[in-house]
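There are 4 protein chains.
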Amino acid sequence: MNSFGNKFRISIFGESHGKSVGVIVDGCPAGISLCEDDFITDLLRRKSGAKGTTTRIEGDIPLIKSGVFNGKTTGAPILIEFENQNTRSKDYSNLIKHPRPSHSDFVAQKKYNGFQDYRGGGHFSGRITLGLVAAGVIAKKIISDIHITATLTQVAGNTNIDEEINNAIKNKDSVGGIIECVAKNMPIGLGEPFFNSVESQISSLAFSIPGIKAIEFGVGFAATKMTGSKFNDAIIDKKGTTKTNNAGGINGGISNGNNLIFRVAVRPTASIYSKQETYNFENNKIETLKIKGRHDLCIALRVPVIIEAITAIALADFSL
Amino acid sequence: MNSFGNKFRISIFGESHGKSVGVIVDGCPAGISLCEDDFITDLLRRKSGAKGTTTRIEGDIPLIKSGVFNGKTTGAPILIEFENQNTRSKDYSNLIKHPRPSHSDFVAQKKYNGFQDYRGGGHFSGRITLGLVAAGVIAKKIISDIHITATLTQVAGNTNIDEEINNAIKNKDSVGGIIECVAKNMPIGLGEPFFNSVESQISSLAFSIPGIKAIEFGVGFAATKMTGSKFNDAIIDKKGTTKTNNAGGINGGISNGNNLIFRVAVRPTASIYSKQETYNFENNKIETLKIKGRHDLCIALRVPVIIEAITAIALADFSL
Amino acid sequence: MNSFGNKFRISIFGESHGKSVGVIVDGCPAGISLCEDDFITDLLRRKSGAKGTTTRIEGDIPLIKSGVFNGKTTGAPILIEFENQNTRSKDYSNLIKHPRPSHSDFVAQKKYNGFQDYRGGGHFSGRITLGLVAAGVIAKKIISDIHITATLTQVAGNTNIDEEINNAIKNKDSVGGIIECVAKNMPIGLGEPFFNSVESQISSLAFSIPGIKAIEFGVGFAATKMTGSKFNDAIIDKKGTTKTNNAGGINGGISNGNNLIFRVAVRPTASIYSKQETYNFENNKIETLKIKGRHDLCIALRVPVIIEAITAIALADFSL
Amino acid sequence: MNSFGNKFRISIFGESHGKSVGVIVDGCPAGISLCEDDFITDLLRRKSGAKGTTTRIEGDIPLIKSGVFNGKTTGAPILIEFENQNTRSKDYSNLIKHPRPSHSDFVAQKKYNGFQDYRGGGHFSGRITLGLVAAGVIAKKIISDIHITATLTQVAGNTNIDEEINNAIKNKDSVGGIIECVAKNMPIGLGEPFFNSVESQISSLAFSIPGIKAIEFGVGFAATKMTGSKFNDAIIDKKGTTKTNNAGGINGGISNGNNLIFRVAVRPTASIYSKQETYNFENNKIETLKIKGRHDLCIALRVPVIIEAITAIALADFSL
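Residue numbers (the numbering used here), protein chains in the order written: chain A, 2 to 321; chain B, 2 to 321; chain C, 2 to 321; chain D, 2 to 321.
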């Protein structure tokens with residue numbers, strides 16, 4: 002299921018080393034101004050090139066193929082496509098024999114009976130998140146009154162992020178991190194009780210991003226150490242402002258007008274340059290694997306803009 | 002949106018103090034044995050009556066209204082209904098004026114323009130989870146090879162749970178806790194990349210349970226403090242068994258055959274018997290509120306069976 | 002799949018001779034007045050008792066189990082249940098051996114491996130349309146500006162309907178008919194291009210009614226004998242009124258503000274009291290079957306209100 | 002809503018005079034051989050160029066952008082794109098002022114507040130059915146045991162189709178027709194009771210094709226003139242073969258193993274070259290319009306392969 006949403010509906014496609022990746026956005030209202038340049042800021046934030054990111058650098062040029070006319074959305078489906086250009090596919094030829102630890106290689110081989118495109122993780126690649134970022138740019142225009150900011154707050158448990166990136170480079174290892182997202186100027190009443198709660202929709206999208214292993218809203222796990230008298234957020238004015246915001250702006254699955262706050266955990270990148278044990282499915286022995294290809298050593302550096310995108314997608318879907 | 006699922010589809014209904022609560026399960030295969038007695042074990046685990054739970058004790062008798070014939074499912078929708086009996090609705094009459102802190106009272110009032118059934122939280126009540134437990138009983142029969150166990154591992158940060166319940170009773174306060182869920186004997190290949198990943202579907206359902214504020218899979222947030230060389234789970238045999246299971250049995254959103262492991266955070270119950278500040282929407286002043294009605298002081302005590310249920314629902318939906 | 006709709010969502014359940022039949026309506030806005038009496042008029046129009054209809058007469062008392070509080074909808078799911086009372090289930094015991102011609106007996110036996118509730122057609126029974134009528138009553142309140150009227154215009158090809166009913170009674174045979182539905186005061190812009198066109202949604206619902214075999218919008222099949230210069234509906238004022246209405250009020254799948262017009266064909270009831278050939282699956286011989294039970298001989302008499310209901314359901318779903 | 006399907010899911014995009022049109026197919030099993038050449042036969046059948054079709058001739062070259070690797074489907078979404086090449090967009094500039102009779106111009110203008118791409122009908126164009134044909138090619142591979150054939154049986158009420166095309170050319174008018182579709186070697190049990198009946202899904206898709214105004218299954222409207230004793234299809238062997246097939250191979254919404262048969266009505270093309278009345282929304286007067294651009298005068302000539310495609314899509318969705 003590569004589609005998400007009830008009113009603002011996205012469908013993603015593509016493979017890391019295929020011809021292109023992208024997204025169809027269906028349900029976007031007519032009359033919103035949209036051009037290729039609108040995507041640049043967010044795409045650059047997702048882009049590689051910085052220390053700790055992969056040396057595969059793609060142009061990431063968004064092509065709007067449909068749904069926009071005279072610079073405005075038409076109400077028809079919007080296809081945004083990104084052509085893949087800088088691929089070196091021969092690097093991946095031995096992943097069937099030795100699946101990379103903690104990567105999708107093994108499950109993809111089993112689930113798709115060996116027919117998956119295994120080059121660079123194929124459809125499981127983080128590259129597919131380009132479509133999420135593109136959809137997020139459109140979603141942000143729909144909920145333009147809400148201001149969403151996601152920030153990498155720690156890497157490897159350290160708020161000095163640069164230090165940990167340097168360590169990882171030195172050790173040929175990889176690191177993860179925590180990203181905090183805050184949405185300000187939230188309206189009251191987004192979300193539905195139960196299956197389409199704000200938390201349900203955001204978490205569902207967040208876990209569609211490769212590498213996310215946890216999410217918490219408001220104080221999250223820390224709530225379990227608080228008593229109700231400390232945790233409860235007292236309303237202090239008629240707009241519904243609360244004295245504290247331990248709930249992260251959500252009660253009963255519905256936004257209460259206070260800031261929406263959540264954090265996600267990004268695991269360390271699965272691909273590392275130091276040697277690892279893995280199973281050789283040809284000779285049925287445990288062997289040592291040295292991963293080739295070009296990889297991020299801290300994918301968390303590139304994830305904040307994707308977290309903003311999925312937040313905007315969820316909120317746009319609620320608000321339409 | 003009170004429905005969930007693609008193949009195993011559930012639709013919940015009801016209010017805390019209405020006539021009944023329950024669920025329709027659509028998509029259940031024909032030929033599965035099912036009778037009212039099958040629900041007893043799980044319903045009893047969810048039931049109140051123990052120390053720390055509400056004094057409102059309901060019969061929770063499941064009535065199978067459709068979809069079962071001669072003791073077997075027919076393939077048609079299964080309606081399971083629970084009549085409400087032990088309600089004292091006059092307790093709730095003043096919640097519009099003074100919404101309870103961290104409860105759904107305020108957002109429901111705004112979202113439904115005052116037409117919501119406010120008695121006992123109405124459709125936002127934890128009582129609606131009876132339908133989830135009932136659907137979970139059916140789901141468990143569909144995935145009977147998988148063994149799911151959810152356990153309350155800490156209350157108020159303490160593994161001595163009884164001690165914390167006593168403290169809360171003494172202090173007229175409430176407490177939360179952490180529940181860990183393990184599914185053993187998992188097949189390889191459940192879940193889809195991206196929006197229907199195992200994590201996406203389970204988290205989406207978990208956050209539909211009132212009071213859940215966080216979820217983590219495998220080592221979860223702790224992954225952010227590990228390097229890739231420590232986090233990565235090495236495959237050690239041809240079945241795909243991994244030496245460690247830091248990923249919680251999921252790679253690329255898809256089950257890898259190892260145990261599925263996740264934890265959720267249950268916040269302290271919003272309703273407490275000690276006095277709290279809240280806003281009075283009639284006179285526009287901050288006032289002191291003393292909550293009436295009957296409430297759990299540790300809802301986490303009753304949640305493990307609900308977590309099992311939603312896990313079974315998600316896995317049944319994938320496996321059909 | 003027993004659910005339909007994107008915003009106004011209905012889920013039906015029940016069997017002809019089970020405990021009850023009914024519907025959950027999810028997505029109904031809060032604040033609409035609703036009580037059991039509101040259903041009476043439409044339920045009476047669907048009811049049996051008239052000449053040509055079955056002698057099984059059910060109370061058809063609607064029970065509102067959830068979603069209504071103080072006489073108004075709350076925004077939560079509305080469960081409407083009808084208990085079955087006047088059932089004589091022993092009549093149906095031999096349908097497995099000799100499936101009734103043109104009935105669902107054979108396909109149900111194959112599809113559900115013999116586990117279907119075969120009594121009175123089980124979940125395939127026309128009795129399940131009670132849920133559609135109930136949902137239609139609610140839908141009509143949502144689109145109260147639109148006036149929908151469905152009329153039985155011919156039976157057995159004759160506009161003298163009474164004459165054909167008498168013939169069928171005399172011949173122990175059954176007859177079908179044509180129902181025309183007109184929705185007046187339509188807004189412009191309901192429907193979506195392609196898969197959610199007005200025609201797609203209405204036809205999808207119409208064919209969910211047992212016995213419907215055809216549908217045509219506007220002049221329908223007759224359009225194929227007209228030239229474009231005759232068929233095209235010229236716009237004659239700025240509201241979009243057209244001189245003719247051959248398109249039945251829909252262009253490009255979208256309502257154009259003129260009357261929505263369509264017709265459906267109801268086949269003759271499958272159950273007839275005269276003898277018929279059928280296959281005996283026990284002795285593998287073609288045999289003569291005489292159907293027992295109580296049946297309509299012209300189900301078309303009871304269908305107009307169901308056609309109105311599904312039209313209202315489709316339009317309510319578009320208009321929310 | 003530009004998506005359809007539960008398991009075999011299609012999402013269409015594009016505009017007549019935009020950059021491209023196409024489809025994403027999600028849910029296609031892995032391991033099916035697929036290359037661009039596989040689309041040629043069906044695309045040629047849809048193509049213009051014959052007498053009675055438009056002089057706009059497009060290359061209609063399918064580009065497989067994702068979801069295929071080493072000549073086989075991978076299980077990931079398949080994007081098929083067709084670039085538009087032969088467009089003359091200046092032809093359409095005055096459609097806002099004078100909407101073409103019986104075309105989508107007027108409703109699109111109202112629904113999308115003037116932001117629609119009006120060139121050549123934009124997203125309402127029959128050109129978007131290229132995506133349906135492409136998805137149909139893939140669907141046919143999934144249900145390769147079923148043989149689907151759609152045939153244009155009459156034009157303008159005449160089985161001598163060539164004669165009617167010549168008349169229309171001579172008169173600068175347009176004509177419609179009837180297409181009959183037969184699916185042979187059907188399995189028993191496809192479809193679901195009620196909302197996902199075989200008729201519901203096929204009709205829903207059929208009405209998404211521009212210009213379809215009616216559909217009938219089996220004998221369709223003629224059923225209303227038959228008595229039950231004539232209409233009922235007697236089962237005559239243990240495979241469920243029926244003596245007659247008045248029901249068109251469907252009982253209770255479910256395929257009964259006999260041939261699936263249905264017919265659709267294609268109205269005469271809205272665009273004709275002779276003068277027509279229409280409303281001028283600038284000066285608020287009824288005026289005479291002469292349509293420019295290049296158009297089919299009998300779109301029905303190109304529709305059979307689209308009808309086969311939507312039948313295959315519906316059946317593939319059921320059979321997965």
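For every residue, glycine included, the Cβ atom is placed at its ideal position computed from N, Cα and C.
Unbroken alpha helix (DSSP H) run spanning residue 293 (chain D), endpoints: In the fourth sequence, residue 293 (chain D) corresponds to position 292, counting from 1. That residue, residue 293 (chain D), is in no alpha helix (DSSP H); it is neither H nor E in DSSP.
Residues of chain B with CB under 9 Å from residue 7 (chain D), in chain order? Along the fourth sequence, one-based indexing puts residue 7 (chain D) at 6. Those are 7 and 8, listed as they occur along chain B.
Confirm, please, whether the CB-CB distance from residue 23 (chain D) to residue 169 (chain D) is below 8 Å. As a working mapping, residue 169 (chain D) is identified with position 168 in the fourth sequence. As a working mapping, residue 23 (chain D) is identified with position 22 in the fourth sequence. No, the Cβ-Cβ distance between residue 169 (chain D) and residue 23 (chain D) is not below 8 Å.
Min CB distance residue 104 (chain B) to chain C below 8 Å: On the second sequence, position 103 is the one that residue 104 (chain B) refers to. Not an interface residue.
Member of D:110, D:47, D:99 and D:51 whose CA lies at the smallest distance from the CA of residue 32 (chain A): Position 31 of the first sequence, counted from the start, is the residue given in the question as residue 32 (chain A). Selected option, being the one with the closest Cα: D:110.
Closer than 7 Å by beta-carbon distance: list the chain B residues that pair up with residue 114 (chain C), in chain order. On the third sequence, position 113 is the one that residue 114 (chain C) refers to. Within 7 Å Cβ-Cβ: 31 and 32.
Taking only beta-carbon atoms, is residue 151 (chain D) less than 8 Å away from chain C? Indexing the fourth sequence from 1 puts residue 151 (chain D) at position 150. No - not a single Cβ of chain C is within 8 Å of the one on residue 151 (chain D).
Between the segment 107-123 of chain C and the segment 298-306 of chain C, do three or more beta carbon pairs fall short of 8 Å? no
With a Cβ-Cβ cutoff of 8 Å, do residue 11 (chain D) and residue 262 (chain D) count as a contact? One-based indexing of the fourth sequence puts residue 11 (chain D) at position 10. One-based indexing of the fourth sequence puts residue 262 (chain D) at position 261. Taking 8 Å as the Cβ cut-off, residue 11 (chain D) and residue 262 (chain D) do not qualify as a contacting pair.
Residue burial classification, residue 65 (chain B) (beta-carbon count within 10 angstroms, cutoff 16): Here residue 65 (chain B) refers to the residue found at position 64 when the second sequence is read from its first residue. It is buried - the Cβ of residue 65 (chain B) has at least 16 other Cβ atoms within 10 Å.
Quick check: is the beta carbon of residue 147 (chain C) nearer than 8 Å to any beta carbon in chain B? The residue labelled residue 147 (chain C) in the question sits at position 146 within the third sequence. By this cut-off, residue 147 (chain C) is not an interface position.
Establish whether the CB of residue 227 (chain C) and some CB of chain D are separated by less than 8 Å. Here the question's residue 227 (chain C) lines up with position 226 in the third sequence. Output row for residue 227 (chain C): interface = yes.
Close beta carbons around residue 154 (chain C), own chain, < 6 Å, minus the five adjacent residues each side: Within the third sequence, numbered from 1, the residue matching residue 154 (chain C) stands at position 153. The residues are 179 and 181.
Quick one: grab the DSSP three-state call for residue 175 (chain B). For the purposes of this step, residue 175 (chain B) is taken as residue 174 along the second sequence, with counting starting at 1. Note: residue 175 (chain B) maps to coil in three-state DSSP.
Separation of residue 176 (chain A) from residue 99 (chain A), as counted between CA atoms: Along the first sequence, read from residue 1 onward, the residue named residue 99 (chain A) stands at position 98. Along the first sequence, read from residue 1 onward, the residue named residue 176 (chain A) stands at position 175. If I take the Cα positions, the gap works out to 23 Å.
Output the boundary residues of the beta strand (DSSP E) element that contains residue 15 (chain D). Along the fourth sequence, one-based indexing puts residue 15 (chain D) at 14. Start and end: 10-15.
Do you know whose CA, among C:44, C:158, C:241 and C:161, lies nearest residue 282 (chain D)'s CA? Reading the fourth sequence from its first residue, position 281 is the one you call residue 282 (chain D). Residue 282 (chain D) has its Cα closest to that of C:241, out of C:44, C:158, C:241 and C:161.
Kindly indicate if chain A contains any beta-carbon less than 8 Å away from that of residue 295 (chain B). Numbered from its first residue, the second sequence carries residue 295 (chain B) at position 294. Answer no: the Cβ-Cβ gap between residue 295 (chain B) and chain A never drops below 8 Å.
Just checking: is the beta-carbon of residue 278 (chain D) within a distance shorter than 8 Å of some beta-carbon in chain C? Your numbering for residue 278 (chain D) matches position 277 in the fourth sequence. Cβ-Cβ to chain C under 8 Å: yes for residue 278 (chain D).
Grab the span of the alpha helix (DSSP H) containing residue 31 (chain A) for me, first residue to last. Taking the first sequence and counting its residues from 1, the one referred to as residue 31 (chain A) is at position 30. Counting along the chain, residue 31 (chain A) falls outside any alpha helix (DSSP H), and DSSP gives it neither H nor E.
Contact set for residue 88 (chain B): own chain, Cβ-Cβ below 6 Å, skip 5 residues either direction: Stepping through the second sequence from its first residue, residue 88 (chain B) is reached at position 87. Contacts found: 18.
Span separating the alpha-carbon of residue 286 (chain D) from that of residue 101 (chain D): By 1-based counting over the fourth sequence, the position of residue 286 (chain D) is 285. By 1-based counting over the fourth sequence, the position of residue 101 (chain D) is 100. Looking at the two C-alpha atoms, the distance is approximately 14 Å.
In terms of residues, what are the limits of the beta strand (DSSP E) holding residue 83 (chain A)? Within the first sequence, residue 83 (chain A) is the residue found at index 82, counting from 1. Where residue 83 (chain A) is concerned, the enclosing beta strand (DSSP E) stretches over 79-84.
Determine the chain B residues that contact residue 12 (chain C) at a beta-carbon separation under 8 Å, and present them in chain order. The residue given as residue 12 (chain C) occupies position 11 in the third sequence. The contacting residues are 4, 12, 25, 27 and 78.
Rounded straight-line distance, which links the Cα of residue 184 (chain D) to that of residue 247 (chain C): Walking along the third sequence from the start, residue 247 (chain C) turns up at place 246. Walking along the fourth sequence from the start, residue 184 (chain D) turns up at place 183. Cα to Cα, the separation comes out at about 31 Å.
Simplified DSSP assignment, three categories, for residue 66 (chain D): Indexing the fourth sequence from 1 puts residue 66 (chain D) at position 65. Look at residue 66 (chain D) here: in three-state DSSP terms it is coil, with no helix or strand label.
Assigned secondary structure, residue 266 (chain C) (DSSP; H/G/I helix, E/B strand, else coil): Position 265 of the third sequence holds residue 266 (chain C). Strand.
Contact belief for residue 43 (chain D) with residue 306 (chain D) at Cβ below 8 Å, rounded distance in angstroms: Your numbering for residue 43 (chain D) matches position 42 in the fourth sequence. Your numbering for residue 306 (chain D) matches position 305 in the fourth sequence. Confirmed, Cβ separation roughly 5 Å.
On the DSSP letters alone, give me the boundaries of the beta strand (DSSP E) that residue 59 (chain A) sits inside. Here the question's residue 59 (chain A) lines up with position 58 in the first sequence. Judged by DSSP secondary structure, residue 59 (chain A) falls outside any beta strand (DSSP E); it is assigned neither H nor E.
Cβ-Cβ separation, residue 230 (chain D) to residue 273 (chain C) (assumed contact under 8 Å), whole Å: On the third sequence, position 272 is the one that residue 273 (chain C) refers to. On the fourth sequence, position 229 is the one that residue 230 (chain D) refers to. Confirmed, about 6 Å.
Determine which residues share a DSSP beta bridge with residue 181 (chain C) and list them. Within the third sequence, residue 181 (chain C) is the residue found at index 180, counting from 1. Beta-bridge pairing links residue 181 (chain C) to C:152 and C:264.
If the cut is a Cβ gap below 8 Å, which residues of chain C does residue 21 (chain D) touch? For the purposes of this step, residue 21 (chain D) is identified with residue 20 of the fourth sequence, where counting begins at 1. Near residue 21 (chain D) there are no residues of chain C at all, since even the closest Cβ is about 17 Å away, more than 8 Å.
Residue range of the beta strand (DSSP E) that includes residue 214 (chain B): Looking up residue 214 (chain B) in the second sequence gives position 213. Counting along the chain, the beta strand (DSSP E) containing residue 214 (chain B) begins and ends at 213-218.
For residue 105 (chain A) and residue 193 (chain B), I'd like the C-alpha separation in whole angstroms. Against the first sequence, residue 105 (chain A) aligns to sequence position 104. Against the second sequence, residue 193 (chain B) aligns to sequence position 192. Answer to the nearest angstrom: the Cα atoms are 11 Å apart.
Where residue 189 (chain D) falls: helix, strand or coil (DSSP): In the fourth sequence, residue 189 (chain D) corresponds to position 188, counting from 1. Three-state DSSP puts residue 189 (chain D) in a strand.
For residue 13 (chain A) versus residue 149 (chain A), is the C-beta distance shorter than 8 Å? For this step, residue 13 (chain A) is matched to residue 12 along the first sequence. For this step, residue 149 (chain A) is matched to residue 148 along the first sequence. Result no, Cβ atoms of residue 13 (chain A) and residue 149 (chain A) do not sit closer than 8 Å.
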